[in-house]
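Residue numbers (this note's numbering): 6 to 168.
Where is the CB? At the ideal position from N, CA and C, for every residue including glycine.
Here the structure is a predicted model, which means the values were calculated and not measured.
Structure below.
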């Protein structure tokens, strides 16, 4: 009989994993209803992810038209490609007002986390700060170690089992 994972430890590991992330894969939907995969640097802060993206990117246009998306965060160098640690999140998106103090605060924190390139990008008017609010998530840490997070602030966690 296998030992049940300590779900509080898994939740703490999940939170540390997503907070350490600096990039995510995005799944958005085009106006024609087609799926599009892309990439963006991201920043996690107080329960939400933030991306600062250009209107030249199709994912930005998609997110401005359709607030539903998915994020994928993976470990950068997994020991086993078949058991890569990863978090997949269903999110609702919302562009933030470029001139708000919240936007200025988030962008300053993003710059600390992601680097000084953001200082240049902040000057470009086609860039939008978009908040991605997680609705539910799955977190995989290895073979047979898959978990679902949901509920208020994703505080409910369950071990996913076959069948």
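In the DSSP assignment, the alpha helix (DSSP H) including residue i goes from what residue to what residue?
i           : result
residue 124 : 122-126
residue 163 : Run containing residue 163: none in the alpha helix (DSSP H); it sits in the beta strand (DSSP E), 161-165.
Pull the bridge partners of residue i from the DSSP assignment, please.
i           : result
residue 145 : 91 and 151
residue 58  : 133
residue 41  : 33
residue 74  : 96
residue 28  : 46
Excluding sequence positions up to five away, which residues of its chain have a Cβ less than 6 Å from the Cβ of residue i?
i           : result
residue 118 : 48
residue 153 : 143, 163 and 165
residue 155 : 141 and 161
residue 93  : 77 and 143
residue 158 : 52
residue 64  : 31, 33 and 43
residue 146 : 90
How about residue i: is its C-beta nearer than 9 Å to some C-beta of chain D?
i           : result
residue 109 : Any reference to chain D falls outside this structure, which holds one protein chain only.
If you run the structure through DSSP and keep just helix, strand and coil, what is residue i?
i           : result
residue 109 : helix
residue 63  : helix
residue 80  : coil
residue 69  : helix
residue 135 : strand
residue 3   : What is shown of the chain runs 6 to 168, which leaves residue 3 out entirely.
residue 6   : In this predicted model, residue 6 has a pLDDT of only 45, less than 50, meaning its place in the structure is not dependable; the value taken from the coordinates is given anyway. Residue state, collapsed to three classes: coil.
residue 3   : Past the boundaries of the shown model lies residue 3; the chain is included only from 6 to 168, so the question cannot be answered.
residue 158 : helix
If contacts are defined as beta-carbon pairs under 8 Å, then residue i and residue j qualify, I think. What distance do you get, rounded to the angstrom?
i           : j          : result
residue 134 : residue 55 : 6 Å
Ignore the nearest five residues each way along the sequence and tell me which others in residue i's own chain have a CB closer than 7 Å to its CB.
i           : result
residue 115 : 48, 55, 57 and 123
residue 36  : 70
residue 72  : 97, 98 and 99
Can we count residue i as close to the ligand NAD, meaning its CB is less than 8 Å from some heavy atom?
i          : result
residue 65 : As presented, the structure is devoid of all ligands, the ligand NAD included, so that no description of it is given.
In chain order, what residues of the same chain have a beta carbon less than 8 Å from the beta carbon of residue i, not counting five sequence neighbours either side?
i           : result
residue 131 : 59, 60 and 61
residue 102 : 108
residue 40  : 32, 33 and 34
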